[in-house]
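Residues 0 to 541 in numbering that gives the first Met the number 0 are what the sequence shown lists, from first letter to last. Note that CB positions come from ideal geometry on N, CA and C, so glycine has one too. Every value quoted in this text rests on a predicted model; they were computed, and no experiment measured them. A quick write-up on the structure given underneath.
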Amino acid sequence: MAVCCDLEADINGEETFLLDKKIICSFSGRLSKLFGKSTGANRNKVIFNDFPGGAENFELISRFCYNKGEIDINPSNISLLYSAAEFMEMSKSVSGNCNLLEKTKKCIEELGYWTWPDLLVALKHCQEMQQVATSSGILEKCLDSIVGRLAITCEASPCASTSSPDSSGLRLSCDTRSTESLKNSFSRANWWFEDLSVLSPNLVEMLVKSMVSRKYNQVIISRFLLYYQKSKFFTASSDEKRQVLEIVIDGLYTLDPSCISCKSLFGVLRVVLNLNISKSSRNKLECMIGSQMDQATLDNLLIPSPYGTSCLYDVNLVLRFLKAFLREGGWRLSPTRMKKVASLMDLYIAEVAPDPFLRFSKFLALVVALPDSARDCWDELYHAIDVYLEVHAGLSEEEKLKICCALNYEKLSSDACVHLSQNAKFPSKSSVEALFSQQLKLKNLLQGTKNSKSDMDSPCKLNETRAKAKKGEGSEQIVLYSGRLDISGDNENLRAHLQGMQWRVIELEKLCKKMQAQMAKLMKSKTPTTHSTARSLPRLCS
């Protein structure tokens, strides 16, 4: 049969085709509408500037028309053929029988039965024509099929084939005692990582969203994202690395925090520090790290300051971690977690305190970042402040007082209070407050000991003890401190007063321990010997 060439088709400026207008129009509704029933001898020309798949794809549909509706539809061309069929309006209503659009739709409906390699091929071509594949719905269906296949594999067996779910079926281990099976369980759960690591960041984002919606194991999702980031970084440019990191961080942020280790997040952070990622992604990463602050180590927090700053470490970043920990933790902030973070921060503050370039405002922010209840003992923080004041001797008295006001003197040990009272680097008011706090603590302790003893004794023995103790009341007594301190006077005189107070505190501590030991013996013997205890108390003179 003679074939005429009465139609010239310019495809996206790439190539020009000479075609039989009658044959092409018998399958394409778009061209049929354009030329109608025109059969003139003159050659017509049509120009397509946005033909999906370009000249190569147009050649495929031309062959379909010349072969009377026969063509090999496979995973590598289905997305292109489907989009071209829609563009050219190649439906059954035009040809009168099964046209290209119906053939590709039928093939897409059977996509769930494709093998794993076929799905990967289709997904790769969808990636190359993502806009077309997305609008046609092929990409979404392909991703759903892949996620469904992974979900079935995961549910069927944790020991699925390391190659693919199709190569040897979904096999179950028949030897439950196999040591090799246990060793390879991790790799078997992650057999698909390498196959899908070739996807673009946008497709990975869609894949993760589909996995989360299908309730896929989020621990495995997080591992895949971290694997994807590492595998892409080998050959990626700076811009590509930034895009990959943003997709990885956004994907991790959608997962349950317990599915991502703190160590892995700090690993991502180390990479982020060298790239200018978006502020939104950076904030998400900091929030994730902050929510797991109780799992961090000192080495994790010792992050160098950004280029151009004089400080050794990035204190601002750690402060943002703490803010996220307090904000994101919510009801999960148990006393145990708070105390872990407080211990970590004490170590961190001690590490940054010697930095001569650490500003007063930043150091103070570190000291007051956590609530008072987070620490049972403030000795470590006191020693860090001591180092900071020594290095920053030029601080004003007002600045020193602001730092010292953050201390909880009631939670300082006696040794720390003694050290503080002799520490010339601290303001005099702080020294006085520390010793007063210790005296008050000992007074309350003694009062509590007396009350405890009274509760233990019987009424008759209690009266007997009081009577005998009253006899020695005039000769033996305890004087805590009754003098007045002139804080506005000379510092040397104040130091002398403080030395006297310090001696009384130490003596009171010894006395308290002695009384507790004697009371324990009294409770054990249950005999009326309390008068000897009262007479044995040493005298403390003012």
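Alpha carbon of residue 119 to alpha carbon of residue 194, nearest angstrom: Translated into positions along the sequence shown, residue 119 becomes position 120. Translated into positions along the sequence shown, residue 194 becomes position 195. One C-alpha to the other measures close to 8 Å.
Separation of residue 288 from residue 128, as counted between CA atoms: As a working mapping, residue 128 is identified with position 129 in the sequence shown. As a working mapping, residue 288 is identified with position 289 in the sequence shown. Looking at the two C-alpha atoms, the distance is approximately 37 Å.
Three or more C-beta pairs below 8 Å linking the segment 416 to 435 and the segment 383 to 403: yes
Closest by C-alpha distance to residue 250, when choosing among 284, 266 and 269: Counting from 1 along the sequence shown, the entry for residue 250 is found at position 251. Looking at the Cα atoms, 284 is the closest of the given residues.
Residue 80 and residue 110 closer than 8 Å at C-beta: Position 81 of the sequence shown holds residue 80. Position 111 of the sequence shown holds residue 110. Cβ atoms of residue 80 and residue 110: not closer than 8 Å.
DSSP bridge partner residues for residue 312 (one or two, in chain order): Indexing the sequence shown from 1 puts residue 312 at position 313. Paired residue(s): 303.
Where residue 192 sits in the DSSP three-state scheme: Reading the sequence shown from its first residue, position 193 is the one you call residue 192. Helix, per DSSP.
Cβ separation of residue 274 and residue 240, assumed to be a contact under 8 Å, to the nearest whole Å: Here residue 274 is taken as the residue at index 275 of the sequence shown, counted from 1. Here residue 240 is taken as the residue at index 241 of the sequence shown, counted from 1. 6 Å between Cβ atoms; contact.
DSSP three-state assignment for residue 264, whether helix, strand or coil: Taking the first residue of the sequence shown as position 1, residue 264 is located at position 265. Residue 264 falls in the helix class under three-state DSSP.
CA-to-CA distance, residue 431 to residue 393, given in whole angstroms: Translated into positions along the sequence shown, residue 393 becomes position 394. Translated into positions along the sequence shown, residue 431 becomes position 432. Cα to Cα, the separation comes out at about 22 Å.
Sequence-distant residues of the same chain with beta carbon closer than 6 Å to residue 261, five excluded per side: If you number the sequence shown from 1, residue 261 lands on position 262. Taken in chain order, the residues that qualify are 291, 294 and 295.
Cβ neighbour criterion (16 or more within 10 Å) applied to residue 215: Along the sequence shown, one-based indexing puts residue 215 at 216. So residue 215 ends up on the buried side.
Sequence-distant residues of its chain with Cβ nearer than 6 Å to residue 112 (five each side left out): The count along the sequence shown starts at 1 and reaches residue 112 at position 113. Result list for residue 112: empty, nothing under 6 Å.
Beta-carbon spacing of residue 401, residue 363 below 8 Å: Numbered from 1 along the sequence shown, position 402 holds the residue referred to as residue 401. Numbered from 1 along the sequence shown, position 364 holds the residue referred to as residue 363. Taking 8 Å as the Cβ cut-off, residue 401 and residue 363 qualify as a contacting pair.
Start-to-end residues for the beta strand (DSSP E) that takes in residue 398: Translated into positions along the sequence shown, residue 398 becomes position 399. Unbroken run through residue 398 is the alpha helix (DSSP H), 396 to 404; no beta strand (DSSP E).
Helix, strand or coil at residue 45 [DSSP, three-state]: Indexing the sequence shown from 1 puts residue 45 at position 46. In this structure, residue 45 counts as strand in the three-state DSSP scheme.
Per-residue DSSP class, three states only, for residue 202: Walking along the sequence shown from the start, residue 202 turns up at place 203. It is helical.
Alpha carbon of residue 190 to alpha carbon of residue 197, nearest angstrom: Reading the sequence shown from its first residue, position 191 is the one you call residue 190. Reading the sequence shown from its first residue, position 198 is the one you call residue 197. Going from the Cα of residue 190 to the Cα of residue 197 covers about 14 Å.
Cβ-Cβ distance between residue 369 and residue 297 below 8 Å: For this step, residue 369 is matched to residue 370 along the sequence shown. For this step, residue 297 is matched to residue 298 along the sequence shown. Against a cut-off of 8 Å, the Cβ pair of residue 297 and residue 369 comes out as no contact.
C-beta atoms of residue 258 and residue 228 nearer than 8 Å: Along the sequence shown, read from residue 1 onward, the residue named residue 258 stands at position 259. Along the sequence shown, read from residue 1 onward, the residue named residue 228 stands at position 229. Cβ distance not < 8 Å, so residue 258 and residue 228 don't count as in contact.
Run of the alpha helix (DSSP H) containing residue 223, from where it starts to where it stops: Here residue 223 corresponds to residue number 224 of the sequence shown, with the count starting at 1. Per DSSP, residue 223 belongs to the alpha helix (DSSP H) from 217 to 231.
Burial state of residue 96 (16 or more Cβ within 10 Å): By 1-based counting over the sequence shown, the position of residue 96 is 97. Exposed is the call here.
Beta bridge counterpart(s) of residue 8 as assigned by DSSP: Stepping through the sequence shown from its first residue, residue 8 is reached at position 9. DSSP output for residue 8 lists 16 and 45 as bridge partner(s).
Straight-line gap, residue 212 to residue 141 (C-alpha atoms, nearest Å): The residue labelled residue 212 in the question sits at position 213 within the sequence shown. The residue labelled residue 141 in the question sits at position 142 within the sequence shown. Each residue's alpha carbon lies about 15 Å from the other.
Cutoff 8 Å; reference residue 121; Cβ partners in own chain excluding five residues on either side: The sequence position of residue 121 within the sequence shown is 122, counting from 1. Excluding residues within five positions, the ones whose Cβ falls inside 8 Å are 74, 75, 77, 78, 110, 113, 137 and 141.
Residue environment, residue 374, which counts as buried when at least 16 other CB atoms sit within 10 Å: Here residue 374 corresponds to residue number 375 of the sequence shown, with the count starting at 1. So residue 374 ends up on the buried side.
Cut-off 7 Å between Cβ atoms - residues of its own chain near residue 20, not counting five sequence neighbours on either side: Position 21 of the sequence shown, counted from the start, is the residue given in the question as residue 20. Counting only Cβ-Cβ distances below 7 Å, and skipping sequence neighbours, we find 5, 6, 34 and 43.
Under the three-state DSSP convention, the category residue 3 falls into: In the sequence shown, counting from the first residue as 1, residue 3 sits at position 4. DSSP places residue 3 in coil when its eight states are reduced to three.
Candidates 313, 62, 301 and 234, of which the one nearest residue 346 by Cα: In the sequence shown, the residue the question calls residue 346 occupies position 347. Answer by Cα proximity: 301.
Chain-order list of residues whose beta-carbon lies under 6 Å from that of residue 348 (same chain, five-residue window excluded): In the sequence shown, the residue the question calls residue 348 occupies position 349. So the qualifying residues of the chain are 365 and 383.
Cβ-based neighbour list, residue 53, same chain, cut-off 6 Å, excluding 5 preceding and 5 following: Here residue 53 is taken as the residue at index 54 of the sequence shown, counted from 1. Around residue 53: 11 and 13.
Residue 359 versus residue 244: straight-line alpha-carbon distance, rounded: Here residue 359 is taken as the residue at index 360 of the sequence shown, counted from 1. Here residue 244 is taken as the residue at index 245 of the sequence shown, counted from 1. Their Cα atoms are separated by approximately 35 Å.
Local Cβ density within 10 Å of residue 201, reported as buried at 16 or more and exposed below that: In the sequence shown, the residue the question calls residue 201 occupies position 202. By the 10 Å Cβ count, residue 201 comes out exposed.
Cβ shell of residue 126 (< 7 Å), same chain only, five flanking positions each side left out: Numbered from its first residue, the sequence shown carries residue 126 at position 127. Correct list, in chain order: 198, 199 and 202.
Burial state of residue 367 (16 or more Cβ within 10 Å): In the sequence shown, counting from the first residue as 1, residue 367 sits at position 368. Classification for residue 367: exposed.
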